[in-house]
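J.: Mature numbering (1 follows the signal peptide of the UniProt record, and there is no 0) puts the sequence shown at residues -19 to -1, 1 to 613.
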Amino acid sequence: MKKKSILFSLMLFSAAVAAQETPVKTLPFNDMSSFKPQAGNWQVVGDVVMDRNVDSHPVAKSIEQTSPGKKKKGKEATPPPAPKAVSFQPGTGILLNMNDDTHKDNLVSAFEHGDIELEFEVMLPKGSNSGIYLQGRYEVQLYDSWGVKEAKFSDIGGIYRNWENKPGKIYMGKAPLSNPAKAPGLWQKMKIVFRAPRFDAAGNKIANAKFVTVSLNDVVIHDNVEVPLPTGGPIENNEKAMGPLMIQGDHGAVAFRNFKYKLTKEISITVSDVTYKTYQGAFKSVDEFASLKPATTGSSPELTAEVIPDENNYGVIYTGKVTVPEDAEYEFYLAVTGGLKFVVNNQTLVDHQTNSRGRRGQKITLKAGTYPFEIYNFKTSSWMPPRLGWYARTENSYVNTLTAYNSFPPDDEPTSPILIHVGSSPKLLRAFLDFKRNRGQRLTHTIGVGDPSGVNYVYDLGAANLVCVWRGDFVDATPMWHERGDGSFRPLGAVQYLLAGPSLVSLASEAEDFPTTYKEGSYKSKGYSIEESTGRPIFKFSLDGLDVDDKITPDGTIITRELTLKNKGAQPLYFKLAEGTSIIKMADGSYAIDDKQFYIKTDHAATIRESGDKKSLVVKVEGNAVKYTVIW
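1) With DSSP run on the structure shown, which of helix, strand or coil describes Lys417?
2) Please list, in chain order, all residues of the same chain as Ala349 whose beta carbon is under 8 Å from its beta carbon, the five residues on each side excluded.
3) Opposite Arg176 in the DSSP bridges: which residues?
4) Between Asp530 and Leu544, is the Cβ-Cβ spacing less than 9 Å?
5) Just how far apart, CA to CA, sit Glu217 and Glu207?
6) Is the beta carbon of Lys557 closer than 9 Å to that of Thr583?
7) Taking the beta strand (DSSP E) that Thr59 falls in, what are its first and last residues?
8) Rounded to whole angstroms, what's the CA-CA distance from Thr251 to Thr346? Just pull it up for me.
9) Which residue's Cα is closest to the Cα of Gln477: Pro157, Gly561 and Gln229?
10) Rounded to the nearest angstrom, what separates Pro391 and Lys186 at their Cα positions?
11) Rounded to the nearest angstrom, what separates Glu603 and Leu554 at their Cα positions?
12) Roughly how many angstroms separate the alpha carbons of Gly139 and Ile248, rounded to a whole number?
13) Pull up the CB-CB distance for Leu410 and Ile428, whole angstroms please, since I reckon it's below 8 Å.
14) With DSSP collapsed to three states, give me the class of Ala286.
15) How many angstroms separate the CA atom of Lys595 from the CA atom of Ser563?
16) Taking 6 Å as the limit between beta carbons, can you name the residues of its chain near Gln70, skipping five residues before and five after?
17) What residues in its chain sit with their C-beta under 6 Å from that of residue 622, if we drop five residues either side in the sequence?
18) Per DSSP, which residues does Ala183 bridge with? Please list them.
19) Look at the alpha carbon of Lys549 and the alpha carbon of Ser487, and state the distance between them as a whole number of angstroms.
20) Would you kindly report the start and end of the unbroken alpha helix (DSSP H) that includes Trp144?
21) If the criterion is Cβ atoms closer than 9 Å, does the pair Gly262 and Gly296 meet it?
22) From the DSSP output, which residues share a beta bridge with Ser510?
23) Give the single residue among Phe389, Glu310, Cys449 and Met223 whose Cα lies nearest to the Cα of Thr97.
24) Along the chain, where does the alpha helix (DSSP H) that runs through Trp462 open and close?
25) Verify whether the separation of the beta carbon atoms of Lys241 and Val5 is less than 9 Å.
26) Sorted by chain position, which residues of the same chain lie with C-beta nearer than 7 Å to Asn239's C-beta, five sequence neighbours on each side aside?
27) Below 8 Å on the Cβ atoms is my guess for Asp199 versus Ala475; work out the distance and round it to an integer in Å.
28) Would you check if the distance between the CB atom of Pro106 and the CB atom of Met31 is smaller than 9 Å?
29) Quick one, are the C-beta atoms of Gly279 and Ser111 less than 9 Å apart?
30) Asn327 to Tyr314, Cα distance in whole Å?
31) Is any heavy atom in the ligand ADP found nearer than 8 Å to the beta carbon of Gly117?
32) In chain order, which continuous runs of the alpha helix (DSSP H) of length 4 or greater are located wholly inside the region 248 to 336?
33) Would you tell me roughly how many angstroms separate the C-alpha atoms of Ala606 and Ala573, rounded to the nearest one?
34) Count Cβ pairs between the region 154 to 166 and the region 121 to 134 that sit closer than 8 Å; are there 3 or more?
35) Return helix, strand or coil for Asn110, following the three-state DSSP convention.
36) Asn437 and Pro398 look like a contact to me (Cβ under 8 Å); what is the Cβ gap, rounded to whole Å?
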């Protein structure tokens, strides 16, 4: 059996569960009614802009020193107003903290939670510091950690320490696995899956609080981290089964939007009295074997496909009882190889009698109690092994696996990932890239460039364009090189996608739209040369007789692109720096792109153009070079 067949079934099931998860609740930030009263440092606003160059905790101005001689005569010019670290517009949709010496309350939710999943976007100004406390007791740090090489527990995403000094009371915190933080003033995505501490009937703690996963900008930074004690600055220095969310409000400015959560709980769904009958034959439907004499029969303490004696050409009937603990609508799904009929309480939930693999299921409303079930399965394809997985949940519970582990193991043929690392010199690798992780936007002429600085990018040789950038490890080439592969790789890290399609074009007028591809015969990639001093590539291409050298230079937290044009004629040339749903010009002359996802900095005179629901940042090429910097 090929690994991909098993994984395909599991992926289908996972997708189905994800699509039907516990109902997500949203904090709309229309007003402050979702939170307890506070000193006024928290408010709801319509838009917020944070200047990445202005520290939110400015050092007090030093006293001006003057010579003991004569004072300057005349009226001094009024200096321009200093740029603000944070500015905002009235409205709704964004939660903003603007604390000062007298208004600096933490923000506490009006609801309490146990197990919870959170998802939100957060924005921090330069140098700012906040944190979000699960149950008001376990802090995930929010901090401007842009460019930090070795993240600590005090950096963004870190699980904070406490300040106890007695043995048995000390918790030293947990640093994130990596630092995918963005620049100040950009929206960052955070997801937290939290499991509350468990207590017995007498109130004794029997299991620690746990961060099941924490991800920042789509990169997992914590995985199954237990927290044995409250972290520093809790709402109460104790542990309980329930508690509110709390957001730190006394350390610095912070903004939130798209704040969603869902509450989950454990329930126990069980199966019992399992019996089975197996049949030999290349069956094409349940009716072909259900009335035959079985080859084997028996009972089993678990529901498992391991009772099937044959690898192929078989039929099997499982019967038993399923017990549910409460009145609810239940989701029952089976992941199987082969044809399937699934009956619960005399109600047919699945009747899919084709020899395939995947997950099948349905919802059923049941009262608390015990109900009979029947599962009919047959298989005639030798490349699929016998497999059966039954998964059950309610709208607000965790998934219960009702089959034995080996009946549908997560991975029959585990494959070590094929990770490409960068050494002391740049690493270049050709492969396909799915733009914005969309298989429908697969780019087939791309090359990944990993740099020793830790700043990596993908360049599209088919469009002469910088496609995406990221910091950290290079790429996962498993999709390309495992078995037959599909020719693609995946960047490792928090990828910032920039632009697909040509960026340098000749247009008849400034208002003309940029093409999505070059006209046949107008563009030719000439590959690249290697810069001797750095080992970095310089890409080369021609466009309607124009020759271009395209140099991309990673530099710590940024990346700079410089195009040098040769044999430039009289044709009007335009260059698209970026595009997105919104583009705003910042105080320092840079541009915040696509609703504050990244910045573009250039000395060229740029124009913001609108086309449909998109905006583009475009420059008219006046000289023999185009240069800009991507900051994220």
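Ideal Cβ positions, reconstructed from N, Cα and C, are used throughout, including at glycine.
Since the model is a prediction, treat every value here as computed from it, not as a measurement.
T.: According to the data block:
1) Helix.
2) Here the set comprises Val305, Pro306, Glu307 and Asp308.
3) Beta bridge pairing from DSSP links Arg176 with Lys191.
4) For the 9 Å CB-CB criterion, Asp530 and Leu544 form a contact.
5) Note on geometry: alpha-carbon atoms of Glu217 and Glu207 lie some 19 Å from one another.
6) Lys557 is positioned such that its CB atom lies no closer than 9 Å to that of Thr583.
7) In the DSSP assignment, Thr59 falls outside any beta strand (DSSP E) and carries neither an H nor an E.
8) Counting only the Cα atoms, Thr346 lies some 16 Å from Thr251.
9) If we check each option's Cα against that of Gln477, Gly561 comes out closest.
10) For Pro391 and Lys186, the distance between alpha carbons rounds to 31 Å.
11) If you take the alpha carbons of Glu603 and Leu554, they lie about 8 Å apart.
12) Gly139 and Ile248: Cα-Cα distance of roughly 31 Å.
13) The Cβ separation is near 7 Å, so the contact holds.
14) Here Ala286 sits in helix by DSSP.
15) Rounded to the nearest angstrom, the two C-alpha atoms are 7 Å apart.
16) So the qualifying residues of the chain are Gly27 and Asp28.
17) What is shown of the chain runs -19 to 613, which leaves residue 622 out entirely.
18) In the DSSP output, where bridge partners are listed per residue, Ala183 has none listed.
19) Here the C-alpha atom of Lys549 lies approximately 11 Å from the C-alpha atom of Ser487.
20) Taken as a continuous stretch (DSSP letters only), Trp144 belongs to no alpha helix (DSSP H), as it is neither H nor E.
21) Closer than 9 Å, so yes.
22) In DSSP, Ser510 forms a bridge with Ile519.
23) According to the sequence displayed, residue 97 carries Ile and not Thr. Of all alpha-carbon atoms in Phe389, Glu310, Cys449 and Met223, the one lying nearest the alpha-carbon of Ile97 is that of Met223.
24) If you look at Trp462, you'll find it in the alpha helix (DSSP H) that goes Thr459 to Trp462.
25) Taking 9 Å as the Cβ cut-off, Lys241 and Val5 qualify as a contacting pair.
26) Closer than 7 Å at Cβ, skipping near neighbours: Phe101 and Glu102.
27) Confirmed, about 6 Å.
28) The beta carbons of Pro106 and Met31 sit closer together than 9 Å.
29) Between Gly279 and Ser111, the gap from beta carbon to beta carbon reaches 9 Å or more.
30) Their backbone Cα atoms lie some 16 Å apart in a straight line.
31) No copy of the ligand ADP appears in this structure; indeed no ligand is present at all.
32) Here no run is fully enclosed.
33) If you draw a straight line from the Cα of Ala606 to the Cα of Ala573, it comes to about 23 Å.
34) Touching, per the Cβ criterion.
35) The answer is strand: DSSP assigns Asn110 an E or B state.
36) With 8 Å as the limit, Asn437 and Pro398 do not qualify as a contact, their Cβ atoms being about 17 Å apart.
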